[in-house]
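The block underneath contains the structure these notes are about, expressed in structure tokens.
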Amino acid sequence: MKLRHLQALFDASLDAILIADDQGHYVAANSAASDLLGISREELLQHQIADFLEPGLDFSKAWQSFQKHGRERGRIRLLRPDGQFCQVEYAATANFVPHLHLSILRPVDAVTTPRQRVRERRKNKQRQHLNETAIAPSTKSTIAQLAERERLINTVTQNIRQSLDLNRILATIVEDVRTILQADRVLVFRFNPDWSGEMIAESVMPPWIRIVGSNVYDPCFVGDVVEDYKRGKINRINDVRTANLADCYVNLLNGLQIRANLAIPITVEDRLWGLLCVNFCSVPHVWQEWEIELLKRLAETLAIAIYQASLHEQVRQLNLDLEQQVQARTAELQQALVLERTLKSITDQVRDSLDEQKILQTAVQELGRALQINGCDVAFYNDEHTASTITYEYTVSLNSALGKTIRFDERPQVYNQLLQGNHQQFCFRTDDADNHLRATSRSAAMLCYPLIEDQVVIGDMWFYRPNDEIFHPVEVRLIEQVANQCVIALRQARLFEAAQTQVKELERLHQLKDDFLSTISHELRSPMTNIKMATDLIGRSLTQLSPLLPEALQSADSPIHGITRYFHILKEEGRREIDLINDLLDLARLDADAEPHDPSKITLQDWVPPRLEAFLRRTQEQDQMLQFDLPPDLPSLVTDASHLQRIIVELMNNACKYTPAHETICISAQAIATQMELRISNTGVEIPPEECDRIFDRFYRIPSNDPWKHGGTGLGLALVKKLVDYLDGTIAVKSGNGQTQFILQFPLNPIPTDECRCQQDPSYPSCEHKDPIHQYG
7 MKLRHLQALF DASLDAILIA DDQGHYVAAN SAASDLLGIS REELLQHQIA DFLEPGLDFS
67 KAWQSFQKHG RERGRIRLLR PDGQFCQVEY AATANFVPHL HLSILRPVDA VTTPRQRVRE
127 RRKNKQRQHL NETAIAPSTK STIAQLAERE RLINTVTQNI RQSLDLNRIL ATIVEDVRTI
187 LQADRVLVFR FNPDWSGEMI AESVMPPWIR IVGSNVYDPC FVGDVVEDYK RGKINRINDV
247 RTANLADCYV NLLNGLQIRA NLAIPITVED RLWGLLCVNF CSVPHVWQEW EIELLKRLAE
307 TLAIAIYQAS LHEQVRQLNL DLEQQVQART AELQQALVLE RTLKSITDQV RDSLDEQKIL
367 QTAVQELGRA LQINGCDVAF YNDEHTASTI TYEYTVSLNS ALGKTIRFDE RPQVYNQLLQ
427 GNHQQFCFRT DDADNHLRAT SRSAAMLCYP LIEDQVVIGD MWFYRPNDEI FHPVEVRLIE
487 QVANQCVIAL RQARLFEAAQ TQVKELERLH QLKDDFLSTI SHELRSPMTN IKMATDLIGR
547 SLTQLSPLLP EALQSADSPI HGITRYFHIL KEEGRREIDL INDLLDLARL DADAEPHDPS
607 KITLQDWVPP RLEAFLRRTQ EQDQMLQFDL PPDLPSLVTD ASHLQRIIVE LMNNACKYTP
667 AHETICISAQ AIATQMELRI SNTGVEIPPE ECDRIFDRFY RIPSNDPWKH GGTGLGLALV
727 KKLVDYLDGT IAVKSGNGQT QFILQFPLNP IPTDECRCQQ DPSYPSCEHK DPIHQYG
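Per this note's numbering: the sequence shown = residues 7 to 783.
Quick look at the structure:
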């Protein structure tokens with residue numbers, strides 16, 4: 007009761023009363039102090055004296071002087087947290103109880119006149135005397151307990167704000183409470199869901215037993231007892247021996263060496279979390295109200311700490327879960343990136359090859375290494391889809407099964423799914439009857455994936471790894487994509503193989519044709535030479551007869567006239583046949599790379615016109631116009647003059663042959679960088695676009711496009727193309743807007759080529775570039 011009255015007096019005082027520790031931190035304050043400084047009592051207890059002093063004052067020096075002299079009074083200006091100053095009179099006593107210092111403050115603004123100030127000083131002296139009288143030795147310890155209680159609550163509050171370590175907070179509370187109350191043991195008990203519990207924090211004095219970590223079950227703590235504690239019941243036992251307790255409870259307390267016990271419930275969010283217990287073990291103890299009040303406030307503060315710690319633990323666990331999820335997701339992304347790179351690598355290697363064996367062996371090896379598995383293989387089905395043969399494999403720890411055949415009826419469930427286009431993942435045991443194919447000393451996990459081409463299953467891929475592992479979805483997607491790429495690559499490889507077979511067959515047929523034409527040309531050369539000689543003799547005979555039979559030659563009905571006409575037909579057709587043979591022989595030499603090459607330096611503006619004089623007469627006869635556009639400053643061209651002349655003559659022959667009357671034929675030249683460009687164009691005629699790519703084929707002639715009916719062999723442009731290539735040049739054709747152009751480009755200074763082999767080796771059989779038959783016509 008005495009403490010309660012003292013507490014009421016402390017709170018009801020009109021003067022501001024503050025108690026500080028040795029460091030100047032406030033540990034107790036009344037409501038008047040809170041009003042004076044403009045902050046709540048709880049906020050005030052977070053400050054120290056120096057926080058309210060006017061800037062510029064040396065607190066450390068003043069505080070040391072105060073502690074040295076013991077008492078001090080006077081006036082001072084304090085700085086409130088809201089920035090306003092207040093003038094106060096103060097009286098302070100150092101160590102009014104050990105390590106605690108008392109200050110009484112009163113605002114000066116209430117004193118206005120000298121008489122009032124004198125009266126106020128007298129009242130101050132009376133108050134000081136009353137205060138000193140009130141704080142008698144018998145009550146100083148009580149005040150000290152009050153201050154210590156405030157200090158303890160303040161310390162616990164600071165610990166809660168500064169730390170979320172519940173164990174540290176609990177250890178501080180039990181130690182400080184035991185010290186203040188001079189108890190034998192203070193502990194914190196936490197309930198389990200079944201209302202048993204564990205001692206989780208303890209401060210105990212020897213020789214009493216330590217019970218921290220012990221699990222305790224009180225059979226009496228059930229039903230209404232639990233509900234009473236939930237409603238805030240305080241269990242106060244002054245003496246176990248005289249408290250008339252249930253036997254089960256007495257036995258429990260005696261086993262824990264408890265004589266007097268005070269248990270305060272700790273409630274966290276309307277849930278009975280545990281108990282804050284104080285024990286006296288050797289003697290009874292009459293529990294005081296201030297002790298109960300202290301523990302109640304500590305239990306409330308502790309409940310806040312427990313709630314904050316639980317929230318912190320939840321956040322920590324959420325962060326841990328999130329971190330684990332991030333790590334797992336990061337690992338998945340990293341694996342996906344690795345597998346993506348693997349897919350790209352395998353795809354590149356597969357696409358770069360048209361070799362079926364290399365494609366599939368690369369696929370199984372790269373997949374096996376990337377997935378880090380025991381082995382994998384590729385098998386193809388027979389046409390009847392009744393058996394599968396392993397064709398390619400990669401193995402690390404499995405026995406080889408290369409070349410083995412599996413009948414579908416041996417594993418009907420597996421192959422029925424594969425034939426429907428479904429992949430499967432399963433395990434087999436070492437004692438499985440199907441395990442004979444891949445004999446191993448332990449079980450394994452398997453994945454089989456079908457190879458599907460044009461909606462038909464043509465084979466499968468099998469993958470093996472230890473049975474405590476699985477094939478993850480990202481790995482299955484990789485296998486699916488590689489399987490699809492392999493099927494595409496296989497289709498391309500087989501198409502390429504078929505195309506190569508066709509190409510080889512066409513090349514063989516083409517070679518047979520060329521050999522046939524070359525042979526025929528050689529075989530016809532001698533007869534045509536004899537025919538030419540006979541024709542020349544007939545021509546001379548007819549020339550000799552002309553003066554003798556002039557009338558017969560002029561009469562259309564005369565036999566001699568008919569003979570002359572037949573002679574001209576024979577001569578013209580013989581010339582055409584010899585041209586054909588010459589063209590075939592020239593093409594054969596070009597194909598055999600046996601054509602002589604004799605480069606020389608020529609200037610086109612001087613070299614071209616003399617070689618086209620025959621075409622001047624021909625164009626005049628056909629009412630065509632022939633033009634030259636050869637600038638005088640053209641650079642010299644190093645090339646084989648005879649081959650170039652043959653090219654220009656062939657193109658001019660075609661131009662004269664296909665150009666209608668009154669149209670123009672033009673030959674022009676210009677230097678472009680390191681190239682010499684020649685253009686031979688004619689107006690009045692066009693080549694259909696679909697024919698432009700075929701006019702250089704052998705024996706190809708554009709139908710119905712010869713207005714002068716000169717005919718031809720169909721080898722002229724093919725020979726031109728060969729000769730242009732032989733001179734390291736290019737030829738192109740452009741046709742449209744009523745004209746056709748042949749565009750040739752030759753290097754001005756080509757890289758020197760080897761001489762014709764016939765000039766190096768006179769016995770070389772294919773070269774006939776000196777054959778006199780070329781001079782015919």
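No residue lacks a Cβ here, since even glycine has one placed at the ideal position from N, Cα and C.
Determine the direct distance from the alpha carbon of residue j to that of residue i, and round the result to whole angstroms.
i, j, result
"G580", "T541", "9 Å"
"S359", "E578", "56 Å"
"Q29", "V232", "44 Å"
"Q323", "D171", "15 Å"
"S316", "G203", "18 Å"
"T392", "D699", "50 Å"
"P694", "R685", "19 Å"
"H668", "Q630", "5 Å"
"Q431", "E486", "13 Å"
"A34", "E156", "6 Å"
"L457", "V739", "48 Å"
"F195", "E275", "17 Å"
"N250", "Y235", "19 Å"
"T570", "W613", "39 Å"
"L59", "F102", "22 Å"
Taking buried to mean at least 16 other C-beta atoms within 10 Å of its own C-beta, is residue i buried or exposed?
i, result
"H574", "exposed"
"R514", "exposed"
"Y400", "buried"
"D21", "buried"
"Q491", "buried"
"M211", "exposed"
"V94", "buried"
"K67", "exposed"
"P271", "buried"
"N405", "exposed"
"M295", "Inspection of the sequence shows that residue 295 is occupied by Glu rather than by Met. By the neighbour-count rule (16 or more Cβ atoms within 10 Å), E295 is not buried but exposed."
"I653", "buried"
"H107", "buried"
"D592", "buried"
"D646", "buried"
Helix, strand or coil, according to DSSP, for residue i in the structure here?
i, result
"H75", "helix"
"F477", "coil"
"A376", "helix"
"C92", "strand"
"I352", "helix"
"N250", "coil"
"P616", "helix"
"A97", "strand"
"F502", "helix"
"I693", "coil"
"R581", "helix"
"W296", "helix"
"G427", "coil"
"W69", "helix"
"P472", "strand"
"N198", "coil"
"C492", "helix"
"G261", "helix"
"V289", "coil"
"C454", "strand"
"I270", "strand"
"I23", "strand"
In the DSSP assignment, what residue or residues form a beta bridge with residue i?
i, result
"R413", "A393"
"E459", "V462"
Using a Cβ-based criterion (distance less than 7 Å to any ligand heavy atom), does residue i qualify as near the ligand ADP?
i, result
"Q517", "Of ligands this structure carries none, so the ligand ADP is not represented either."
Touch test, the stretch 332 to 350 against the stretch 302 to 315, Cβ-Cβ under 8 Å, three pairs minimum = no
Are three or more beta carbon pairs between the stretch 727 to 737 and the stretch 625 to 635 nearer than 8 Å?
-> Because the criterion of three Cβ pairs below 8 Å is not met, the stretch 727 to 737 and the stretch 625 to 635 do not touch.
Inter-stretch contact at 8 Å, needing at least 3 Cβ pairs: the stretch 504 to 512 / the stretch 365 to 373 = no
Report yes or no: do the stretch 80 to 90 and the stretch 179 to 190 share at least 3 C-beta pairs separated by less than 8 Å?
-> no
Inter-stretch contact (C-beta, 8 Å, three-pair minimum) for the stretch 240 to 260 and the stretch 173 to 189 | no
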